[in-house]
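Everything on this sheet refers to the single structure shown next.
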Amino acid sequence: MLSIDGSMGEGGGQVLRSSLALSLCLGRPFRMTRIRAARSRPGLQRQHLAAVRAAAAIGHARVAGDELHSQTLEFAPAGVAPGDYRFDIGSAGSTALVLQTVLPPLLTADGPSRLVIQGGTHNPMAPTFEFIRDAFLPLLVRMGPRLAIALHRPGFYPVGGGELVVSVDPVPVLAPLSLHARGELP
Numbered sequence: 018m019l020s021i022d023g024s025m026g027e028g029g030g031q032v033l034r035s036s037l038a039l040s041l042c043l044g045r046p047f048r049m050t051r052i053r054a055a056r057s058r059p060g061l062q063r064q065h066l067a068a069v070r071a072a073a074a075i076g077h078a079r080v081a082g083d084e085l086h087s088q089t090l091e092f093a094p095a096g097v098a099p100g101d102y103r104f105d106i107g108s109a110g111s112t113a114l115v116l117q118t119v120l121p122p123l124l125t126a127d128g129p130s131r132l133v134i135q136g137g138t139h140n141p142m143a144p145t146f147e148f149i150r151d152a153f154l155p156l157l158v159r160m161g162p163r164l165a166i167a168l169h170r171p172g173f174y175p176v177g178g179g180e181l182v183v184s185v186d187p188v189p190v191l192a193p194l195s196l197h198a199r200g201e202l203p
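In terms of this note's numbering, the sequence shown opens at residue 18 and continues consecutively.
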């Protein structure tokens, strides 16, 4: 099992989210320690826990340590399962960051998926819905999958309550992404 020090780099939730996504894509288990150790509120917060549980659901993963404030997590995926999923962060935690955790493995899954994610859609410290719709997803579409996103209800910090819906029509293999020129927003 791969060991990861969650305090490395920026030492925040991105280390965790990237590890979850890569674990699902590669089918490799990991054990992370010192999750968000240097933060004022270390360990898993609600939005991180939502990402862990979302990844566990689509990956039929065996998980240990998935509890609030835990600084240690073991994650062992058993294969990505496309389908219809609903994930409720239960706070104003970022829907975009949960999406960026589970979307990469679904891009090449064996069938289509539909995700409903509830929480914050417009947070000061995370990508907004518009960024996901206008910048992130168009780049992914250039690699082959068909993706659609809709904002059913906006959710702002500190209350949350937003909802976005994403449809994923995967491809067997992603095409290379070559970015040689600056793009333009619609």
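The C-beta atom is built at its ideal place from N, Cα and C for all residues, glycine as well.
Taking Val190 as part of the alpha helix (DSSP H), name the residues at either end of that continuous run.
-> Judged by DSSP secondary structure, Val190 falls outside any alpha helix (DSSP H); it is assigned neither H nor E.
Assign Met25 to buried or exposed, taking buried as 16 or more other Cβ atoms, counted over all protein chains shown, within 10 Å of its Cβ. exposed
task: With DSSP as the reference, label Glu169 as helix, strand or coil.
output: The sequence shown places His at residue 169, not Glu. Here His169 sits in strand by DSSP.
From Pro193, Ala71, Met160, residue whose alpha carbon lies closest to that of Asp186: For the residues Pro193, Ala71, Met160, the minimum Cα distance to Asp186 belongs to Met160.
task = Please say whether Arg150 and Thr89 have beta carbons closer to each other than 9 Å?
result = no
Check: From Asp127 to Asn140, what distance separates their C-alpha atoms?
Finding: 33 Å
- prompt: What do you get for Arg53, buried or exposed, if any count of 16 or more other CB atoms within 10 angstroms of its CB means buried?
  reply: buried
Quick check on the DSSP output: the beta strand (DSSP E) that includes Val133 runs from which residue to which?
DSSP places Val133 inside the beta strand (DSSP E), whose first and last residues are 130-136.
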